[in-house]
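Student: Sharing a structure here in structure tokens format.
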Amino acid sequence: MTYDVIIVGSGAAGGTVAHALIPLVQAGLRVVVFEQGARLDDAEFTGQELEMAGALFEESGGVLTADGAMTLAFGRAYGGSTVTYTGTSLIPEPRVFAHWNVPGITHADMHARSTKYAEQNGVHFLADDEINENNALFAQGCRSLGLTAGRFPVNTRGCKGSGLCNLGCPNAAKQGTHRVQLPAAERAGVEVVTRAEVLRVGERQVSVRVHAKPASAKGHASEWAPGEYTVHAAAIVLCGGSMGSTALMLRSGLAAALPQLGERYTCHPAHILVAEHPQPIGQRGFPKTYFLDQPDAGFILETCMYFPFITAKNLTGFGADHQRFMDAFDRLQMILVMAHDKAMPGNRIGIDAAGRPVAHYTFSDAVKASLVAATRLSARIFFGAGAVRVHAPSADPPLLTRDDLPRLDERVHERHFLTHRISVSSAHMMGGCSMGRTAADSVTDAWGRVHGVPWLRVADSALFPDSSDVNPYLTVMALADRTAEALTSDLGALQSATVSA
Amino acid sequence: MPPILAPVRPVFRAVAEAMVPAAQRYGAAEWTAMEAVVERALGARPRKMQQQLVTFMRLANVLAVGMSGQTLVSLPVEKREQVLHRLERAPVALVRRGVWGVRTLIFMGHYGR
Chain A
578 MTYDVIIVGS GAAGGTVAHA LIPLVQAGLR VVVFEQGARL DDAEFTGQEL EMAGALFEES
638 GGVLTADGAM TLAFGRAYGG STVTYTGTSL IPEPRVFAHW NVPGITHADM HARSTKYAEQ
698 NGVHFLADDE INENNALFAQ GCRSLGLTAG RFPVNTRGCK GSGLCNLGCP NAAKQGTHRV
758 QLPAAERAGV EVVTRAEVLR VGERQVSVRV HAKPASAKGH ASEWAPGEYT VHAAAIVLCG
818 GSMGSTALML RSGLAAALPQ LGERYTCHPA HILVAEHPQP IGQRGFPKTY FLDQPDAGFI
878 LETCMYFPFI TAKNLTGFGA DHQRFMDAFD RLQMILVMAH DKAMPGNRIG IDAAGRPVAH
938 YTFSDAVKAS LVAATRLSAR IFFGAGAVRV HAPSADPPLL TRDDLPRLDE RVHERHFLTH
998 RISVSSAHMM GGCSMGRTAA DSVTDAWGRV HGVPWLRVAD SALFPDSSDV NPYLTVMALA
1058 DRTAEALTSD LGALQSATVS A
Chain B
138 MPPILAPVRP VFRAVAEAMV PAAQRYGAAE WTAMEAVVER ALGARPRKMQ QQLVTFMRLA
198 NVLAVGMSGQ TLVSLPVEKR EQVLHRLERA PVALVRRGVW GVRTLIFMGH YGR
């Protein structure tokens, strides 16, 4: 079985590359996308927490780091994590690309490419009357401290305010690659094969296992019959996300020539913070409208609204105090705090004996300090907005009242950051196949070309040499656009090389 | 396949009642629904992880003897919560990890039903 281009993964990167190749497909190029997850019908997006987590996330969203101290959530579906993200669409500040220090990656170039995809995916600001009380309280709390919250551009069309973005929008409003790039690519002739797990990548070929649809599972059966296939192509583009692409290269034996493979892993470690108000607050509506970036302190705050189980899990502790917060669910305001973690030795992606990805991650002192500082600021914002009780993971006990405000720095402290007691989670996996100059410092060049392997390209968040400091999907699309551009210009030579081989 | 929780069901329920006080009012139907969610989640996990959970439940039940003179299942619920709070702050990360894993399953069973 032979194609011109194989794309592994259909999320922000895979969808973008597939879409960018449409002109070539219309001219006869054969392109196939292999997606490990399933293709769901619109009616299958029920908004039921556990049901959708099982259908859309790797291990139901419960992948753990090697030491079990952090939960990692990433999508596994037609559209990848763009099915499960909130659709908040930020372009990193110039400081991020300056810090990346990759020749050719400039803020101007990334901004232009990101803007192209923001337009393609309907990114806009919500109207004032679409901002719910949970979000308005955040802005109010910021104002009480003399701070101004930024407003997120979002990629929805016809949002009905279900607030279920992270469970796959039940109203087909969120414009991920499953709504925009992939359908257009398929209409143009790109083939998308779901339930297709790429086991290994070899010299201009991949081994693929197509899985049968389990009896009770959501989604369509695969487009191909279940079984194992060897598929050849002139070029292979990895778009399986930081964890997926890196693990695929590792289990394909590429680490020997690429010593940086798996390194420079970052993930924006995050806490979900909640606060109780005396009265019910409006939670229905788009969940994530405002953010507050604090680069000097190494964190960003974002409004959010999560679901009962995920909220319960992310609060520290258990018992009567924990249940009191959960019983007050309709009175809860929520803030997501994310640390701007930086790549450091030891934080990397590896594989286990079965070849599955494993994230090795240690919380640096800087990350702990950032999360603690973010929690203190969030507590002040909550109280500034009128909350009566705040849950602070890095306080012991975690319950704060207004009386704690004068001694907040003492109550919320790094000494309470006890791993495996407090919940830390991540939905932004980055790095592992980082861009750079040579194989000594990176895995690819600035255009996603794997050093020394001309037919192999990377297009996803694995390319990030360090964290993006903001929700990464637009940056992924911009980098995927660069990878597709370079591939388009290299394709003639790659096809000639394939014929020669 | 026999239920994964079967060998430690009394410990699991004793822990659940301490972690989610509402579980103290569960009837048979609620326990069945709650444990079905947990069984489904565990069933999707590797056998090794299932065994680790069962081992940890047994260990927690015995550790309570050293901390309070009685096993977890024989302690009144307030004492159970105290013992579990001590375990979640244990200096040994593996013990904390065990508590965290069990609480995750219990919250999933209770709030995810």
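Quick mapping for you: the protein sequence lines, in order, are chains A and B.
Everything in the first sequence is counted per the numbering used here, starting at 578 for the first residue and increasing by one.
Everything in the second sequence is counted per the numbering used here, starting at 138 for the first residue and increasing by one.
Quick reminder that beta carbons are idealized off the backbone N, C-alpha and C, glycines included.
Quick caveat: nothing in here was measured; it's all calculated off a predicted structure.
#1: With a threshold of 8 Å on Cβ separation, who are the neighbours of methionine 800/A within its own chain once the five nearest residues in sequence on each side are excluded?
#2: Exposed or buried, lysine 185/B, counting other C-beta atoms within 10 Å across all chains shown (16 or more means buried)?
#3: Starting from the C-beta of tryptophan 237/B, find all residues in its chain whose C-beta is less than 8 Å away, skip the five residues before and the five after it, and write them out in chain order.
#4: Give the interface partners of valine 157/B over in chain A, defined as CB-CB distance under 9 Å, in chain order.
#5: Which value, in whole angstroms, describes the spacing of the CA atoms of valine 851/A and alanine 173/B?
#6: Count the CB pairs spanning the region 714-725 of chain A and the region 684-692 of chain A that are closer than 8 Å, and state whether there are at least three.
#7: Secondary structure at arginine 728/A, three-state DSSP: helix, strand or coil?
#8: If we define contact as Cβ-Cβ less than 8 Å, is glycine 180/B a contact residue for chain A?
#9: Is it true that the CB of aspartate 907/A sits closer than 8 Å to the CB of proline 857/A?
#10: Does any C-beta atom of chain B lie closer than 8 Å to the C-beta of leucine 995/A?
#11: To the nearest angstrom, how far is the alpha carbon of proline 872/A from that of arginine 616/A?
#12: Name, in chain order, the residues that DSSP records as bridge partners for valine 640/A.
#13: What does a CB cutoff of less than 6 Å around leucine 744/A pick up in its chain, not counting 5 residues either side in sequence?
#14: Taking 8 Å as the cut-off, does the region 1018-1029 of chain A touch the region 992-1006 of chain A (at least 3 CB pairs, one atom from each stretch)?
#15: 8 Å is my cut-off, CB to CB: does methionine 245/B come that close to chain A?
#16: Counting only beta-carbon atoms, is threonine 192/B nearer than 8 Å to chain A?
#17: Quick one: Cα of leucine 913/A to Cα of isoleucine 877/A, how far?
#18: Report yes or no: do three or more beta-carbon pairs, one from the region 664-673 of chain A and one from the region 1045-1064 of chain A, lie closer than 8 Å?
#19: Kindly give me the distance between the Cβ atoms of valine 145/B and methionine 204/B, rounded to whole angstroms, as I take these residues to be in contact under 8 Å.
#20: Between arginine 998/A and chain B, is the shortest Cβ-Cβ distance under 8 Å, so that the two count as touching?
#21: Are the region 927-946 of chain A and the region 685-705 of chain A touching by the rule of at least three beta carbon pairs closer than 8 Å?
#22: Using CA coordinates, which residue listed in Glu154/B, Val232/B, Arg177/B, Ala170/B is at the minimum distance from serine 793/A?
#23: Mapping the DSSP letters down to three states, classify arginine 786/A as helix, strand or coil.
#24: So for tyrosine 867/A, helix, strand or coil by DSSP?
#25: What is the DSSP secondary structure of leucine 601/A, reduced to helix, strand or coil?
#26: According to DSSP, simplified to helix, strand and coil, what is glycine 804/A?
#27: Distance cutoff 8 Å, beta carbons only. Does leucine 627/A sit that close to anything in chain B?
#28: Taking C-beta pairs closer than 8 Å, name the residues in chain A that threonine 241/B reaches, listed in chain order.
#29: Quick check: is the beta carbon of proline 885/A nearer than 8 Å to any beta carbon in chain B?
#30: Cβ closer than 8 Å: which chain A residues qualify as neighbours of arginine 162/B?
#31: Check distances from the C-beta atoms of the region 645-661 of chain A to those of chain B and list, in chain order, the residues that come in under 7 Å.
#32: In angstroms, rounded to a whole number, what distance separates the CA positions of histidine 854/A and histidine 797/A?
#33: Between valine 154/B and chain A, is the shortest Cβ-Cβ distance under 8 Å, so that the two count as touching?
#34: How long is the line joining the alpha carbons of glutamate 710/A and valine 785/A, rounded to whole angstroms?
#35: Rounded to the nearest angstrom, what separates alanine 964/A and proline 885/A at their Cα positions?
#36: Note down the Cα distance separating alanine 750/A from alanine 704/A, rounded to an integer number of angstroms.
Tutor: Reading from the atomic positions:
#1: Looking up residue 800/A in the first sequence gives position 223. The sequence shown places glutamate at residue 800/A, rather than the methionine named in the question. Cβ within range, chain order: Glu768, Val769, Val770, Thr771.
#2: Stepping through the second sequence from its first residue, residue 185/B is reached at position 48. When all chains shown are included, lysine 185/B counts as exposed.
#3: Taking the first residue of the second sequence as position 1, residue 237/B is located at position 100. Excluding sequence neighbours, tryptophan 237/B sits near Glu225.
#4: Within the second sequence, numbered from 1, the residue matching residue 157/B stands at position 20. Within 9 Å Cβ-Cβ: Ala889, Phe895, Gly896, His899, Gln900, Met903.
#5: Residue mapping note: residue 851/A aligns to position 274 of the first sequence, counting from 1. Residue mapping note: residue 173/B aligns to position 36 of the second sequence, counting from 1. Those two C-alpha atoms are separated by around 29 Å.
#6: no
#7: Stepping through the first sequence from its first residue, residue 728/A is reached at position 151. If DSSP states are grouped into helix, strand and coil, arginine 728/A belongs with the strands.
#8: Counted from its first residue, the second sequence places residue 180/B at position 43. It does not: the Cβ of glycine 180/B has no partner Cβ on chain A nearer than 8 Å.
#9: Counting from one through the first sequence, the residue named residue 857/A turns up at place 280. Counting from one through the first sequence, the residue named residue 907/A turns up at place 330. In terms of Cβ geometry, proline 857/A and aspartate 907/A form a close pair [threshold 8 Å].
#10: In the first sequence, the residue the question calls residue 995/A occupies position 418. By this cut-off, leucine 995/A is an interface position.
#11: Mapped onto the first sequence, residue 872/A falls at position 295. Mapped onto the first sequence, residue 616/A falls at position 39. Using only the alpha carbons, I get a separation of about 38 Å.
#12: Numbered from 1 along the first sequence, position 63 holds the residue referred to as residue 640/A. Note: valine 640/A sits in a beta bridge opposite Leu649/A.
#13: Residue mapping note: residue 744/A aligns to position 167 of the first sequence, counting from 1. Within the same chain, leucine 744/A has close Cβ partners Gly624, Met629.
#14: Contact fails: fewer than three Cβ-Cβ distances are below 8 Å.
#15: For the purposes of this step, residue 245/B is taken as residue 108 along the second sequence, with counting starting at 1. Chain A, which has a Cβ nearer than 8 Å to the Cβ of methionine 245/B, makes this yes.
#16: For the purposes of this step, residue 192/B is taken as residue 55 along the second sequence, with counting starting at 1. Threonine 192/B has a beta carbon lying at 8 Å or more from every beta carbon in chain A.
#17: By 1-based counting over the first sequence, the position of residue 913/A is 336. By 1-based counting over the first sequence, the position of residue 877/A is 300. Rounded to the nearest angstrom, the two C-alpha atoms are 8 Å apart.
#18: yes
#19: As a first step, residue 145/B is located in the second sequence; it is residue number 8 there, counting from the start. As a first step, residue 204/B is located in the second sequence; it is residue number 67 there, counting from the start. 19 Å between Cβ atoms; not a contact.
#20: To locate residue 998/A, count along the first sequence from 1; it is residue 421. At least one chain B Cβ lies under 8 Å of arginine 998/A.
#21: no
#22: Position 216 of the first sequence holds residue 793/A. Checking every option, the nearest Cα to that of serine 793/A belongs to Arg177/B.
#23: Looking up residue 786/A in the first sequence gives position 209. Of the three classes helix, strand and coil, the one that applies to arginine 786/A here is strand, per DSSP.
#24: Mapped onto the first sequence, residue 867/A falls at position 290. Strand at tyrosine 867/A.
#25: Taking the first sequence and counting its residues from 1, one reaches residue 601/A at position 24. The three-state reading of DSSP puts leucine 601/A in helix, counting H, G and I together.
#26: Taking the first residue of the first sequence as 1, we reach residue 804/A at position 227. If DSSP states are grouped into helix, strand and coil, glycine 804/A belongs with the strands.
#27: In the first sequence, counting from the first residue as 1, residue 627/A sits at position 50. At least one chain B Cβ lies under 8 Å of leucine 627/A.
#28: One-based indexing of the second sequence puts residue 241/B at position 104. Near threonine 241/B (Cβ distances below 8 Å), the residues of chain A are Gly639, Lys890.
#29: To locate residue 885/A, count along the first sequence from 1; it is residue 308. Yes, proline 885/A lies at the interface with chain B (some Cβ there is under 8 Å from its Cβ).
#30: Along the second sequence, read from residue 1 onward, the residue named residue 162/B stands at position 25. Result: empty, since nearest Cβ-Cβ is about 12 Å, beyond 8 Å.
#31: Gly645
#32: The sequence position of residue 854/A within the first sequence is 277, counting from 1. The sequence position of residue 797/A within the first sequence is 220, counting from 1. In this structure, the CA atom of histidine 854/A is about 43 Å from the CA atom of histidine 797/A.
#33: Start at 1 with the first residue of the second sequence, and residue 154/B comes out as number 17. In the sequence as presented, valine is not what sits at residue 154/B; that position holds glutamate. Closer than 8 Å: no.
#34: For the purposes of this step, residue 710/A is taken as residue 133 along the first sequence, with counting starting at 1. For the purposes of this step, residue 785/A is taken as residue 208 along the first sequence, with counting starting at 1. So the alpha carbons of these two residues sit roughly 48 Å apart.
#35: Mapped onto the first sequence, residue 964/A falls at position 387. Mapped onto the first sequence, residue 885/A falls at position 308. Each residue's Cα considered, the two are about 19 Å apart.
#36: Mapped onto the first sequence, residue 750/A falls at position 173. Mapped onto the first sequence, residue 704/A falls at position 127. So the alpha carbons of these two residues sit roughly 16 Å apart.
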